[in-house]
Structure formats: structure tokens, C-alpha cells
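In this note's numbering, the protein residues as written are 303 to 665.
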């Protein structure tokens, strides 16, 4: 039966449907629990939370579901551009963005804080919370960290954007690889080569990864409906991960205006851009992303300086409803998004896969 795969057996879920984790603070406990209780697996993105908050989030999830769920962390980059970024480089960035601040009468911010969350403390908090599954993007945790997760019986997953990254993930003894095509929303999770050099359509990435690794593969990127899920399962994937479709539902923590844009009656147009955060990410196209399509990397600060630097400008634009200067994360959906209820979306996905593949789901 279509819903019995290597991934569902390992994750102990009924259906091979995964809700992708959202960075920032777009994840919600309610969405995670809704998807997990429906028989899939919900995921919560933790990059913006400290250790104490992580423990509390996990506690809240466990109150709403006894089913498997995943906690997701960002792995620190081994060669982080922020290490060589200085005041002189920041002056170039300020000069580039000065017209945007001047236009709305905002002062240029000073050099923002370069600190990000303490990864080791976040890892300790996840281990303390003992979730069924832990997932990682932007790289592979150290072997000793992976070993600690295995000791506690926590299933591990990591994201790859290329065949080479998938191979490295398997070599590191990670249990499952998430193969993320270029259509996926939010940040590109590349870690071996620059993200700009690691762009492959989901339709071509999945077969290549299937032919390279032996661990279960979860397909991600531009998957919007049951037909898409059936397609990647036929390619050899063991499950499908959907982000944008679930981000558009009432249960996610995205803003009302963000959801309204994702649920627009016209096809969503997106851009891959570094302008919002300093790392390549896919968002709904607007004037700001269009302005920087041909910009050099020198005009944009690395993460998290860029996002901190633009924070007052973004807030001002949002307050004025000038959405041409606000980041609305989105993948490139294969179809129009219509479901506002996460449970209705999930039911639609599993019913469409069943109809497409011609088999009843096995209980």
C-alpha cells in the first residue's frame, strides 16, 4: 500500500506526509499537533529560540499529541561569511540601502549584533526534551551529537540540496535524508557549495539521490498536492515534505497578510534572493527582491546582520502596508493553494494520493 514506506516505518507514522519546519517564528505547536494527530508528522523550527524556550515548546507539543513529531535546528556553517565581515564592509551595505531608509525617514541602523542562537545549548535542550525525531538544515551535526541522539532512540534527519550532500548525510549515520529541490520556500539549506551553485529542480534531484543513497529519502520542494506526493513516491522517495501549503493554513503562525498572499487566486511568483537575510531564500516576488536581482554580494551583509539591519525598515513597511518591502516566505507551488484548515489539507493530500495510485491506504 502506498502509505507503507521505509520512512513511515522508521518514523512510526501512518502516512508519508511531513509538515516542513519553518524558520523564524512561523512554526506553531497547534500545526505540529494537527499534522501528527492526522497520521503524518508535524515539525517545529527552533532556530529563533533559546534552550529554555525549546524545552517549553516540546512540553506544549506533548500536551497536544502523543504521535511522532520533529524538532528542527540550524547547524552553524563551517565557513561562515560573518567571520570576515567588518565595519568597512558594513559601510558598503549602509550606502546601498540608504535610499530605502531615507524614503521613509528612518535613520540608518548601527552595526547589528552578529550573535546567533547557541547551537550546543539548543542541542542540549532538544536532547533533554527527547522528541521522537530531530531534523537539521545547513549541515550535519558533529558525530558525537548524532551519537547522543541515537543513544536516546531519537530518529535523525538532515536536509540535502545536492547528491553530494545527501551522500555526506548518509556517511554521517543520519537516519533519513530530506532532498530539497530549488522550488522549496525559505532558506536554501546548502552546506557543501554556495546555495547559488546547488540549485536543482525537485524532479531531477529526487531520482539522483534515490540512486545514490540507501537510507530513506523525503522529497521536498514545490510539493503542493496529492498528485505531487504520488509523483515523488513513484520516483522512489519514501515520503514528501510540504512547507508552504501548511504555512498558508490557519494553524500556522504566519501573519494574516502572509497567508492571504499564499492563498491568492493568481499563481504565486517567487524569487530566490539574499536581500532579506543575507542567505539565499525563496520568497514572494516584490519590488525589493526585484531591485536586488542583479546585485553583488558586497551590497548585502551576511546572516544574521542583514536581517537585523533591515528589521526597522521591514517593520515600518509592514505597519504602512507597503508590502513591496516585506519578506513573505513561499515555495514555488505546483498549484494554487486553497486550504485554510490543516486537517482539511491533510485529508485532501491523502485522498488524492490514494486516488492517484489506485490503492487504499493500509491502516
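Ideal Cβ placement from N, Cα and C applies to all residues, glycine included. Predicted model, so just to flag it, every value in this text is computed and none were measured.
Beta-carbon contacts of residue 637 that lie in its chain and below 7 angstroms, excluding the five residues immediately before and after: 526 and 527
Name the DSSP beta bridge partners of residue 573, please? 585
When the Cα of residue 376 is compared with those of 323, 390 and 366, which residue comes out closest? 323
What whole-angstrom Cβ distance do residue 480 and residue 462 have, given they're in contact under 8 angstroms? 7 angstroms
Three or more C-beta pairs below 8 angstroms linking the stretch 396 to 413 and the stretch 470 to 489: no
Within the stretch 423 to 464, note down every full beta strand (DSSP E) run reaching 3 residues or more, in order along the chain. 435 to 439 and 457 to 462
How many whole angstroms separate the CB atoms of residue 533 and residue 494, which I take to be in contact at a CB cut-off of 8 angstroms? Rounded, the Cβ-Cβ distance is 27 angstroms, inconsistent with contact.
From this set, 602, 460, 434 and 651, which residue's C-alpha is nearest residue 252's C-alpha? This structure cannot speak to residue 252, because the chain is shown only from 303 to 665.
DSSP on residue 482, reduced to helix/strand/coil? strand
Determine the extent of the alpha helix (DSSP H) in which residue 613 is found, giving its start and end residues. Per DSSP, residue 613 belongs to the alpha helix (DSSP H) from 607 to 621.
Assign residue 319 to one of three DSSP states: helix, strand, or coil. Here DSSP, grouped into helix, strand and coil, assigns residue 319 to strand.
Length of the line joining the Cα atoms of residue 296 and residue 503: Given a span of 303 to 665 for the chain in the structure shown, any question on residue 296 remains unanswerable.
Whole-number beta carbon distance between residue 517 and residue 478, since they are thought to touch under 8 angstroms: 6 angstroms
Rounded to whole angstroms, what is the Cα-Cα separation between residue 331 and residue 615? 29 angstroms
According to DSSP, is residue 402 part of a helix, a strand, or is it coil? If DSSP states are grouped into helix, strand and coil, residue 402 belongs with the helices.
Tell me which residues share the same chain as residue 436 and place their Cβ nearer than 8 angstroms to its Cβ, disregarding the 5 neighbours each side in the sequence. 372, 373, 374, 375, 428, 451, 456, 457, 458 and 459
Do you know how far the Cα of residue 357 is from the Cα of residue 537? 37 angstroms
Within 8 angstroms, do at least three Cβ pairs link the stretch 383 to 390 to the stretch 329 to 345? no
Start and end of the alpha helix (DSSP H) containing residue 528? Per DSSP, the unbroken alpha helix (DSSP H) holding residue 528 starts and ends at 528 to 537.
Report all residues from its chain with a CB closer than 7 angstroms to the CB of residue 400; omit the five preceding and five following residues, and keep chain order. In the same chain as residue 400, and ignoring 5 residues on each side of it, the C-beta atoms closer than 7 angstroms to its own belong to 410, in chain order.
According to DSSP, is residue 351 part of a helix, a strand, or is it coil? coil
Per-residue DSSP class, three states only, for residue 548: helix
May I have the straight-line CA-CA distance separating residue 364 from residue 531, to the nearest angstrom? Whole-angstrom Cα-Cα distance: 28 angstroms.
Please say whether residue 500 and residue 490 have beta carbons closer to each other than 8 angstroms? yes
Three-state class that DSSP yields for residue 421 in the structure shown: helix
Could you check the C-alpha separation between residue 439 and residue 482 for me, to the nearest Å? 10 angstroms
Answer yes or no: do residue 468 and residue 514 have a C-beta to C-beta separation smaller than 8 angstroms? yes
Where residue 485 falls, given that 16 or more other Cβ within 10 Å makes a residue buried: Buried, because 16 or more other Cβ atoms sit within 10 Å of the Cβ of residue 485.
Kindly identify the DSSP beta-bridge partner or partners of residue 476. In DSSP, residue 476 forms no bridge with anything.
Starting from the Cα of residue 640, find the closest Cα among 603, 605 and 551 and give me that residue. 551
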